[in-house]
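These notes concern the structure reproduced below.
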Amino acid sequence: APFMSAADRYDVIIGSELTYSLLSVHSLPHIIVRFLNPSGVFVEVLSTDRDGVSAFVEDMALLGFRHETLPVPPPLMQSFNTTQRPELYDVHVWYYPHSRSAPFFA
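Numbered according to our numbering, the sequence shown spans residues 21 to 126.
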């Protein structure tokens, strides 16, 4: 039996840094459409300077999603003693327009 089937639908799907490059960005919106309830939301945390983010935004809009963003607050933007370069991140919330009458972030 498959791990997940097309009949499985979820109210919330959460992702982080799923759009690293243009090589994989175009398949992600179709996976979201397959597994997200029509009234559900997809929440993703993305770096503000990754390749593929603008293509992902365009693909999601073409599939009928509405999109809101909120910057991750600076106190949460720490490297925690890693060698990773400093980056800025946004929280993105995707949903179908018919499923919400008010924005997520007021």
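No residue lacks a Cβ here, since even glycine has one placed at the ideal position from N, Cα and C.
Buried or exposed: where does Tyr115 fall if 16 or more other Cβ atoms within 10 Å of its Cβ makes it buried?
Working through the sequence shown from its first residue, we reach residue 115 at position 95. Classification of Tyr115: buried, given that the 10 Å Cβ count is 16 or more.
Using a threshold of 7 Å, is the CB atom of Asp71 nearer than that to any non-hydrogen atom of the ligand GTP?
For the structure depicted, the ligand GTP is absent and the ligand set is empty, with no information on it obtainable.
Going along the chain, which unbroken runs of the beta strand (DSSP E) with 3 or more residues stay wholly within the region 80 to 110?
86 to 91
Looking only at its own chain, which residues have a Cβ that is under 8 Å from the Cβ of His87, when we skip the five neighbours before and after it?
Taking the first residue of the sequence shown as 1, we reach residue 87 at position 67. If we look at His87 and ignore the five residues flanking it on each side, its Cβ neighbours are Val77, Met80, Ala81, His112, Val113, Trp114.
Could you check how far apart the C-beta atoms of Leu66 and Arg29 are, in whole angstroms? I think they sit under 8 Å.
Taking the first residue of the sequence shown as position 1, residue 66 is located at position 46. Taking the first residue of the sequence shown as position 1, residue 29 is located at position 9. Not really, about 24 Å apart at Cβ, beyond 8 Å.
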